[in-house]
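Visitor:
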DNA sequence: TCAATAAGCTGGCTCAAGCCTGTTGACTGC
DNA sequence: GCAGTCAACAGGCTTGAGCCAGCTTATTGA
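Residue numbers (the numbering used here), protein chains in the order written: chain Z, 1 to 266; chain A, 267 to 532.
1. Provide the residue span of the alpha helix (DSSP H) that contains residue 271(Z), from first to last.
2. Using only the alpha-carbon positions, how far apart do residue 183(Z) and residue 66(Z) sit?
3. Under the DSSP definition of a beta bridge, which residues are partnered with residue 470(A)?
4. Quick check on the burial criterion: 16 or more other C-beta atoms within 10 angstroms. Buried or exposed for residue 432(A)?
5. Along the region 145-178 of chain Z, where does the CB come closer than 8 angstroms to a CB of chain A? Name the residues.
6. Against chain Z, with Cβ distances strictly below 8 angstroms, would residue 469(A) count as a contact?
7. Taking Cβ to Cβ, would you say residue 259(Z) is nearer than 8 angstroms to residue 474(A)?
8. Would residue 60(Z) pass as a contact of residue 24(Z) if the rule is Cβ separation under 8 angstroms?
9. Is DSSP giving residue 46(Z) helix, strand or coil here?
10. From residue 119(Z) to residue 158(Z), what does the alpha carbon distance come to, in whole angstroms?
11. May I have the straight-line CA-CA distance separating residue 110(Z) from residue 352(A), to the nearest angstrom?
12. When burial is assigned at 16 or more other CB atoms within 10 Å of the CB, is residue 519(A) buried or exposed?
13. Per DSSP, which residues does residue 157(Z) bridge with? Please list them.
14. Quick one: does residue 133(Z) have its CB under 8 angstroms from some CB of chain A?
15. Any chance the region 484-497 of chain A sits against the region 448-462 of chain A, with 3 or more Cβ pairs inside 8 angstroms?
16. May I ask which residues mark the beginning and end of the alpha helix (DSSP H) holding residue 173(Z)?
17. With DSSP as the reference, identify every bridge partner of residue 392(A), one or two as the case may be.
18. Please classify residue 521(A): is it buried, with 16 or more other beta-carbons within 10 angstroms of its beta-carbon, or exposed?
19. Would you list the residues sitting across from residue 518(A) in a DSSP beta bridge?
20. So what does DSSP say about residue 346(A), is it helix, strand or coil?
21. Look up residue 219(Z) in the DSSP assignment and give the residues it is bridged to.
22. Do residue 114(Z) and residue 132(Z) come within 8 angstroms of each other at the CB atom, strictly closer than that value?
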């Protein structure tokens, strides 16, 4: 890329009326989008950018910050700033509860990981009887003030990265006294196998999808870098009688995962 | 909220080992989450925070920046910093192409706006014959290098806010010579009415959903403030013969819109 | 040969100061 | 009564300096 001649010192804006930090960011952005700086390549250091543009280091730093917040660039302490290398997305499919995966031995999540050449696994964080949030109580038709639900908390990993944080609520009237209390689900078809044995066959699913920035906790749990949003998915399982009998919230890193729906138009 | 006693000057970290900017941010965050600072309420000014914590103004500023990037706070030039007041989300439903809305006179988007007490409308930015991006050409089965598609570009508004930026591609072999070239679609059932007349009845839809930070352009188009992601939805319409005949990309502000799917489990 | 060390790079954070632009409300004068 | 003006205060951006912490590599010494 080409750097500008040093302009007059202390000038807040250059002749084109652009603020210095924006100008540096714009130039770098263009270089990235034009492919002059390839994915994974190192950008000039903050001190070098500052010198080339005749600005203070803080100004070059501000430019980098803008690019990082936009997710264009990955900053690594002590190493440098690198053009972001997008990772292939794992796709959570709408067919993940389909019976067609029965007997395959692999859950849809693990299948998808395998497809992307990664090793998937999940970790049980906690299983307990507890009180549902109001929203969950409403949807499941259980009392909010009591320990009316089984709560399972999981983390899904793809390779060495945590990608989903998952919380599941099931009415205690359904889950009580079943294998749902164990970390290892004692049923060949997993959680939903047990729920079917209790008389609830998933006939419909309702899902809402929103995106937002992670909370401080989620940032830690999912090892999210700055400028990465999370997808929040609320899934409700509806049985053959129209009853909502299970509810799951997924918090997903948007840099590593996406959603896929393949559905009939009614 | 309670402010700390001024600690020794020039200390990089306070006794608890927390950086000053993080400490200010943490205190403010806790005050917000505890409800001490209610939604819409003004935070202390940067200069005031700096004085109370015995830091430089830039440090208080950094704290505010952290909160703004997390979407907890809205910064208004000249006015102050305010606790973010979440707006009700417009939900784009998976049933939006359903025939059940036929004859209602309102499109699903306008219905959803009305439900939230807002006035919805949309604006046609451009309609032209053009070249599809490779991804689109692949999916629609048209040549990538030629002007093989009709491209329509729209913006959807809810009240005074732009919420969706929408691009639609339709093979020219289908769209050519139809009312799809007009801004006002001359068909009571809209675009999909015309496509049905050409022999394509939507039988399935495929959608992929991802989240990311907006590009500079999108930030402008959608009037997005810092710390707000966009949802990117790629929709493919599949007809009764399994042919993909229409493709739409939605770029949606995640602070004002979400998605909703209500689907059978197959 | 190999491990410990140190130099020299990277970004991370802060300071104190200055000048800019946008907003508001009180004051002024018609 | 009302419009124009202006001061006070808000955030926006920059400077140039300093020190800290993480990474890499070349050097050193056992």
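Where a beta carbon is used, it is the ideal one built from N, C-alpha and C, also for glycine. This one's a predicted model, so the numbers in the text were calculated from it and none came from an experiment.
Guide: Short version:
1. The shown model of chain Z, from 1 to 266, leaves out residue 271(Z), and the question about it has no answer.
2. Residue mapping note: residue 183(Z) aligns to position 183 of the first chain, counting from 1. Residue mapping note: residue 66(Z) aligns to position 66 of the first chain, counting from 1. Counting only the Cα atoms, residue 66(Z) lies some 43 angstroms from residue 183(Z).
3. Sequence index remark: in the second chain, residue 470(A) carries index 204 (1-based). 264(Z) and 504(A), per the DSSP bridge assignment.
4. Counted from its first residue, the second chain places residue 432(A) at position 166. Its Cβ being crowded by 16 or more others within 10 Å, residue 432(A) is buried.
5. Cβ contacts with chain A: none found.
6. The count along the second chain starts at 1 and reaches residue 469(A) at position 203. Taking 8 angstroms as the CB threshold, residue 469(A) lines the interface with chain Z.
7. Reading the first chain from its first residue, position 259 is the one you call residue 259(Z). Reading the second chain from its first residue, position 208 is the one you call residue 474(A). Yes; because the gap between Cβ atoms is below 8 angstroms, this pair is in contact.
8. Here residue 60(Z) refers to the residue found at position 60 of the first chain. Here residue 24(Z) refers to the residue found at position 24 of the first chain. Their beta carbons are under 8 angstroms apart, which means residue 60(Z) touches residue 24(Z) by this criterion.
9. To locate residue 46(Z), count along the first chain from 1; it is residue 46. Residue state, collapsed to three classes: helix.
10. As a working mapping, residue 119(Z) is identified with position 119 in the first chain. As a working mapping, residue 158(Z) is identified with position 158 in the first chain. When rounded, the distance between both Cα atoms is 6 angstroms.
11. In the first chain, the residue the question calls residue 110(Z) occupies position 110. In the second chain, the residue the question calls residue 352(A) occupies position 86. Cα to Cα, residue 110(Z) sits roughly 36 angstroms from residue 352(A).
12. Stepping through the second chain from its first residue, residue 519(A) is reached at position 253. By the neighbour-count rule (16 or more Cβ atoms within 10 Å), residue 519(A) is buried.
13. Translated into positions along the first chain, residue 157(Z) becomes position 157. Among the bridge pairs identified by DSSP, residue 157(Z) is matched with 121(Z) and 162(Z).
14. Residue 133(Z) sits at position 133 when you count from the first residue of the first chain. False, the Cβ-Cβ gap to chain A never drops below 8 angstroms.
15. Output reads no: the region 448-462 of chain A does not touch the region 484-497 of chain A.
16. Here the question's residue 173(Z) lines up with position 173 in the first chain. Counting along the chain, residue 173(Z) sits inside the alpha helix (DSSP H) bounded by residues 172-175.
17. Taking the second chain and counting its residues from 1, the one referred to as residue 392(A) is at position 126. Bridge partners of residue 392(A): 419(A).
18. What you label residue 521(A) is simply residue 255 of the second chain in a count that begins at 1. With 16 or more Cβ atoms within 10 Å of its Cβ, residue 521(A) is classed as buried.
19. The residue given as residue 518(A) occupies position 252 in the second chain. According to DSSP, which records beta bridges pairwise, residue 518(A) is partnered with 430(A) and 497(A).
20. Translated into positions along the second chain, residue 346(A) becomes position 80. Reduced to three states, the DSSP call for residue 346(A) is strand.
21. The count along the first chain starts at 1 and reaches residue 219(Z) at position 219. DSSP, once it has assigned bridges, lists no residue as partnering residue 219(Z).
22. Counting from one through the first chain, the residue named residue 132(Z) turns up at place 132. Counting from one through the first chain, the residue named residue 114(Z) turns up at place 114. Not a contact, by the Cβ cut-off of 8 angstroms.
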